[in-house]
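Each protein sequence line maps, in turn, to chains A and B. Residues in the first sequence are numbered from 0 upward in steps of one, following numbering that gives the first Met the number 0. Residues in the second sequence are numbered from 0 upward in steps of one, following numbering that gives the first Met the number 0.
Number of protein chains: 2
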Amino acid sequence: MIRAVLSLLLVLGAISSAFSAGDKKYIPKTGKRIPQTLSRGWGDQLIWAQTYEEALYWSRSKNKPLLVLFHLEDCPHSQAMRKVIANSYEIQKILDEEFIVLNLVYETTDKNLTPDGQYVPRFLFVDPSMTVRADIVGPYGNRLYAYEPQDLDVLKKSMEKAKKLLKVEL
Amino acid sequence: MIRAVLSLLLVLGAISSAFSAGDKKYIPKTGKRIPQTLSRGWGDQLIWAQTYEEALYWSRSKNKPLLVLFHLEDCPHSQAMRKVIANSYEIQKILDEEFIVLNLVYETTDKNLTPDGQYVPRFLFVDPSMTVRADIVGPYGNRLYAYEPQDLDVLKKSMEKAKKLLKVEL
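Here is the structure:
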């Protein structure tokens with residue numbers, strides 16, 4: 000009887016070690032993390048470009064304007080804007096169907112994306128001809144490309160402007 | 000009795016429309032999408048930089064080497080490498096604790112990241128001094144920065160080399 004129990008224990012031990020050896024998943028010492036999303040909370044249903052280069056390529060090839068959205072995870076103004084944009088059915092739908100979207104928490108090396116300096120949140124539109132639309136601005140004179148949560152209608156107007164593509168004769 | 004039922008229906012109708020008006024979540028016509036992750040399957044527990052600029056900044060400020068991993072979602076070689084790397088406890092742990100990591104599905108404009116051309120998968124190490132380590136190569140003469148699933152030990156040796164930081168006297 001004791002031998003039978005021992006054999007059973009050995010078999011069980013072999014099974015459990017076989018399972019743990021190959022399939023040991025890495026978990027950081029600090030605990031399991033929630034996978035990072037490319038949306039960073041600005042709309043999980045949108046297809047986000049990862050980099051400016053990728054976004055420009057998509058914009059050109061699909062002939063859709065690009066919205067580049069600079070923000071910071073810890074900035075309360077960014078968080079407030081993120082909340083209203085992520086929860087706006089209308090804006091999400093327009094962005095999904097008619098725009099290429101990119102959100103960045105880090106500045107690029109392209110100076111055209113900082114027409115009046117680096118700040119967040121900052122919304123810049125780029126034409127499929129790869130022209131940064133510095134003419135499409137929000138309601139604030141000191142930070143031309145900033146929008147606050149109460150400015151959704153201004154943002155929608157800016158999006159309308161961006162959709163009227165620049166005619167470029169090549 | 001009929002009036003009571005009608006009132007009840009009106010109240011129920013009002014409640015349901017109140018719910019649907021404010022909280023209507025955007026779902027694309029093509030159906031609900033799975034949110035994109037920054038890991039793109041290469042290790043959900045790692046903290047991935049989004050862009051090369053961000054990765055360089057982290058590498059410099061944390062004094063850790065950077066691994067830039069070029070791949071494509073539809074490339075079978077990328078998929079095979081992704082599987083073995085995502086499932087390797089050892090590689091995930093080293094990458095998490097001792098490296099800055101960036102995976103890109105699109106080329107950057109920096110020519111230093113294409114020492115022998117553009118192909119995927121391609122593994123390039125960058126020193127915290129912002130020097131691309133073109134000297135750290137895999138086992139293939141025709142594609143110096145490529146590794147196949149059976150080359151995990153070579154990749155680990157490359158990672159060891161990258162951890163020996165270049166001494167830069169400024």
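We put the beta carbon where it would ideally sit given N, CA and C, even for glycine. All of these numbers come straight from a predicted model, not from anything done at the bench.
May I have the straight-line CA-CA distance separating residue i from residue j, to the nearest angstrom?
i, j, result
"B/Ala155", "A/Ala54", "Here the sequence assigns Lys to residue 155 of chain B, which means Ala is not the residue at that position. Straight-line Cα distance between these residues: approximately 33 Å."
"B/Pro114", "A/Glu97", "37 Å"
"A/Ser157", "A/Gln149", "14 Å"
"B/Leu165", "B/Thr50", "23 Å"
"B/Lys61", "A/Glu106", "18 Å"
"A/Glu159", "A/Gly137", "13 Å"
"A/Pro64", "A/Ile93", "11 Å"
"A/Lys112", "A/Leu143", "Checking the sequence, you will find Leu at residue 112 of chain A rather than Lys. If I take the Cα positions, the gap works out to 12 Å."
"A/Pro27", "B/Ala85", "14 Å"
"B/Glu147", "B/Gly140", "13 Å"
"A/Thr124", "B/Val153", "Looking at the sequence shown, residue 124 of chain A is not Thr but Phe. The alpha-carbon atoms of A/Phe124 and B/Val153 are separated by roughly 44 Å."
"B/Glu52", "B/Ala145", "23 Å"
"B/Gly30", "A/Tyr88", "15 Å"
"B/Lys110", "B/Lys23", "46 Å"
"B/Lys163", "A/Lys163", "53 Å"
"A/Arg81", "A/Ile46", "16 Å"
"A/Phe69", "B/Gly116", "31 Å"
"A/Leu151", "B/Thr108", "34 Å"
"A/Asp134", "B/Tyr56", "31 Å"
"B/Asp95", "B/Val83", "16 Å"
What residue range does the alpha helix (DSSP H) around residue i cover?
i, result
"B/Val151", "Contrary to the premise, residue 151 of chain B reads as Leu rather than Val in this sequence. Element bounds for B/Leu151: Leu151 to Lys162."
"B/Ile90", "Tyr88 to Glu97"
"A/Leu65", "Taken as a continuous stretch (DSSP letters only), A/Leu65 belongs to no alpha helix (DSSP H), being part of the beta strand (DSSP E) at Leu65 to Phe69."
"A/Arg81", "Pro75 to Ala85"
"B/Tyr51", "Tyr51 to Lys61"
On the premise that residue j lies in contact with residue i, defined as a C-beta separation below 8 Å, what is that separation, rounded to the nearest angstrom?
i, j, result
"B/Val67", "B/Leu103", "7 Å"
"B/Tyr25", "A/Gln44", "6 Å"
"A/Ile99", "A/Ser58", "5 Å"
"B/Ala48", "B/Leu101", "4 Å"
"B/Gln91", "B/Gly42", "5 Å"
Can you tell me where the beta strand (DSSP E) holding residue i begins and where it ends?
i, result
"B/Arg121", "Arg121 to Val125"
Would you say the beta carbon of residue i is closer than 7 Å to some non-hydrogen atom of the ligand FMN?
i, result
"A/Ile93", "Inclusion of the ligand FMN in the displayed structure is not the case, the ligand content being empty and no account of it being possible."
Using a Cβ-Cβ distance cut-off of 8 Å, determine whether residue i contacts chain C.
i, result
"A/Lys63", "Of the chains in the structure shown, none is chain C; the protein chains are A and B."
Exercise. Does the segment 25-34 of chain A come close enough to the segment 121-130 of chain A to have 3 or more Cβ pairs within less than 8 Å?
Worked result: no
Problem set entry | Cβ contact check for the segment 62-76 of chain A and the segment 106-124 of chain A: 3 or more pairs under 8 Å | yes
For this session: Check distances from the C-beta atoms of the segment 137-161 of chain B to those of chain A and list, in chain order, the residues that come in under 9 Å.
Result: none
Exercise. Can you list, in chain order, the residues of the segment 65-89 of chain B whose Cβ is nearer than 7 Å to any Cβ on chain A?
Worked result: Tyr88
Problem set entry | Near-chain B residues of the segment 24-38 of chain A (beta-carbon distance less than 8 Å), N- to C-terminal order | Lys24, Tyr25, Ile26, Pro27, Lys31, Arg32, Pro34, Gln35, Thr36, Leu37 and Ser38
For this session: Return the residues of the segment 101-113 of chain A that lie within a Cβ-Cβ distance of less than 8 Å from chain B, sorted by chain order.
Result: Leu103, Val104, Tyr105, Glu106, Thr107 and Thr108
Exercise. Which residues, in chain order, does the segment 114-126 of chain B contribute to contact with chain A at a C-beta distance below 9 Å?
Worked result: none
Exercise. Which of the residues in the segment 39-50 of chain A, read from start to end, lie with their CB under 9 Å from any CB of chain B?
Worked result: Arg39, Gly42, Asp43, Gln44, Leu45, Ile46, Trp47, Ala48, Gln49 and Thr50
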